[in-house]
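Below: the structure, in structure tokens.
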Amino acid sequence: MVAKGLCTGRHPIELSANLPAARPYRGGSGIGAFRRLPIPDEYRPEDFLASTTEVFSGGGVGLTVLPDGRTLREAIADDAESWLGPDHVAQWGADPQLLVKLLHTGERLFVHYHPDAEFARARLGRSRGKTEAWVVLDAPDDGYALLGFARDMTLEQLTGWVAEQRLDELTGALNRVPLRRGDTLLVPAGIPHAIGPGITLVELQEPVDVSILLEYRSFGLDEHTAWLGLDLAAALSGLELGGYDATALDRLKGRPSQGSAFPASADPLFHAELVESDGEGATVHGYAVVIVTAGQGELGPLAVRRGSCVLVPFGAGELALTGRLRALICRPGCSPASAAAASAPATG
Numbered sequence: 001m002v003a004k005g006l007c008t009g010r011h012p013i014e015l016s017a018n019l020p021a022a023r024p025y026r027g028g029s030g031i032g033a034f035r036r037l038p039i040p041d042e043y044r045p046e047d048f049l050a051s052t053t054e055v056f057s058g059g060g061v062g063l064t065v066l067p068d069g070r071t072l073r074e075a076i077a078d079d080a081e082s083w084l085g086p087d088h089v090a091q092w093g094a095d096p097q098l099l100v101k102l103l104h105t106g107e108r109l110f111v112h113y114h115p116d117a118e119f120a121r122a123r124l125g126r127s128r129g130k131t132e133a134w135v136v137l138d139a140p141d142d143g144y145a146l147l148g149f150a151r152d153m154t155l156e157q158l159t160g161w162v163a164e165q166r167l168d169e170l171t172g173a174l175n176r177v178p179l180r181r182g183d184t185l186l187v188p189a190g191i192p193h194a195i196g197p198g199i200t201l202v203e204l205q206e207p208v209d210v211s212i213l214l215e216y217r218s219f220g221l222d223e224h225t226a227w228l229g230l231d232l233a234a235a236l237s238g239l240e241l242g243g244y245d246a247t248a249l250d251r252l253k254g255r256p257s258q259g260s261a262f263p264a265s266a267d268p269l270f271h272a273e274l275v276e277s278d279g280e281g282a283t284v285h286g287y288a289v290v291i292v293t294a295g296q297g298e299l300g301p302l303a304v305r306r307g308s309c310v311l312v313p314f315g316a317g318e319l320a321l322t323g324r325l326r327a328l329i330c331r332p333g334c335s336p337a338s339a340a341a342a343s344a345p346a347t348g
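Counting in the UniProt record's numbering, the sequence shown runs from 1 upward without gaps.
Written as structure tokens, this is what we have:
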């Protein structure tokens with residue numbers, strides 16, 4: 001839970017594991033294998049990286065804690081420009097506008113959706129909704145996600161399925177999308193989805209922990225928990241009922257190669273750059289979470305290898321990412337041009 005490094009906005013910080021307890025589904029062993037660390041129990045399926053975001057129930061759970069005892073949220077509030085940069089602060093204040101997670105599913109995740117900002121403000125008293133996107137680190141041969149209804153649904157039909165927990169009908173109405181190592185996928189707010197078992201991925205998301213569960217009883221949850229205290233009609237009112245055909249699903253897929261990981265429609269919210277280095281490397285400048293997915297090398301003064309997760313503050317300046325490695329550079333929303341400039345080839 002505690003990051004390693006100097007507690008200022010001028011030095012990169014190696015992030016230790018931050019695994020909130022008692023998440024409602026099993027998982028975590030894929031995170032342990034990726035980061036070479038023990039997992040306390042089978043209900044630690046998520047690792048919150050550089051997190052200023054609490055879980056929905058609050059209490060500070062999920063926040064990254066720095067070695068000096070401050071949370072990252074407190075440290076950024078104390079010196080936002082050093083951490084985030086003056087342009088970011090001018091637009092968004094002391095809010096990083098990003099949560100990055102590692103996630104591993106020890107079982108198929110429940111069918112659920114994340115509300116958009118309008119729903120979150122009107123129904124939940126939250127300032128933002130949650131769009132997310134995935135980069136798959138590992139998957140079984142038959143890995144998959146369930147994503148979007150395959151045909152237009154009626155609210156009456158769906159209400160019956162959820163109220164009676166008719167899971168065969170519910171899961172059978174969703175598209176089954178294969179997931180393989182290196183695949184990337186954007187999951188907009190409002191779209192029903194679930195992740196199959198045995199998937200390890202990096203998730204970029206809007207920084208809020210809000211999910212409405214359409215499937216819950218088999219996970220030992222009740223309606224109040226599943227629907228965030230709403231009644232069923234209200235809980236379903238933010239769900240996208242329209243069908244997603246192959247063309248619509250293709251628009252959510254990124255390019256699983258070097259460069260931008262996600263479709264351009266994700267750029268206002270977050271951006272991930274896939275970097276593959278054979279020694280020349282790249283530069284990292286500006287607030288970012290860097291995840292090394294293969295190989296080893298250096299990020300500025302830090303030795304890094306597969307599984308290393310590093311927070312780069314704006315005040316650290318330009319850091320060279322070198323070695324024979326692959327890495328994912330995760331940033332808050334920006335234009336493709338600014339993201340490309342931030343990950344330009346290193347010189348000298």
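C-beta: ideal position from N, C-alpha, C; glycine also.
{"Asked": "Jot down the residue ranges of each uninterrupted beta strand (DSSP E) in the region 63–135, minimum 3 residues, whole runs only, in chain order.", "Found": "99–104"}
{"Asked": "Which residues in the same chain as S335 place their Cβ atom closer than 7 Å to its Cβ, once the five residues preceding and following it in sequence are excluded?", "Found": "Legend: pLDDT at S335 = 39, less than 50; position of this residue unreliable, value from coordinates given subsequently. Result list for S335: D267, in chain order."}
{"Asked": "Is the separation between the beta-carbon of V289 and that of A327 shorter than 8 Å?", "Found": "no"}
{"Asked": "Give the DSSP-derived three-state secondary structure of R217 in the structure shown.", "Found": "helix"}
{"Asked": "Along the chain, where does the alpha helix (DSSP H) containing T169 start, and where does it finish?", "Found": "The sequence as given places Glu at residue 169; Thr does not occur at that position. From DSSP, the alpha helix (DSSP H) with E169 extends over L167 to G172."}
{"Asked": "Tell me, to the nearest whole angstrom, how far the beta carbon of P207 is from that of P96; I am working on the premise that it is less than 8 Å.", "Found": "7 Å"}
{"Asked": "Taking its Cβ as the centre, do 16 or more other Cβ atoms sit within 10 Å of H224, making it buried, or is it exposed?", "Found": "exposed"}
{"Asked": "Under three-state DSSP, which class holds A294?", "Found": "strand"}
{"Asked": "Helix, strand or coil: which one does DSSP assign to F262?", "Found": "coil"}
{"Asked": "Is the region 155–167 touching the region 232–252 in the sense that three or more CB pairs, one from each, lie closer than 8 Å?", "Found": "yes"}
{"Asked": "Mind pulling the alpha helix (DSSP H) runs of 4 or more residues that sit fully within the region 3–69?", "Found": "29–35"}
{"Asked": "Evaluate the contact criterion for the region 80–90 versus the region 176–194: three or more CB pairs, one atom per stretch, below 8 Å.", "Found": "no"}
{"Asked": "Can you pull the DSSP bridge partners for P178?", "Found": "Y144"}
{"Asked": "Please work out which residues of its chain come closer than 6 Å, Cβ to Cβ, to T315, disregarding the five sequence neighbours upstream and downstream, and give them in chain order.", "Found": "Note that residue 315 corresponds to Gly in the displayed sequence, not to Thr. Same-chain partners within the cutoff: G9, R10 and S82."}
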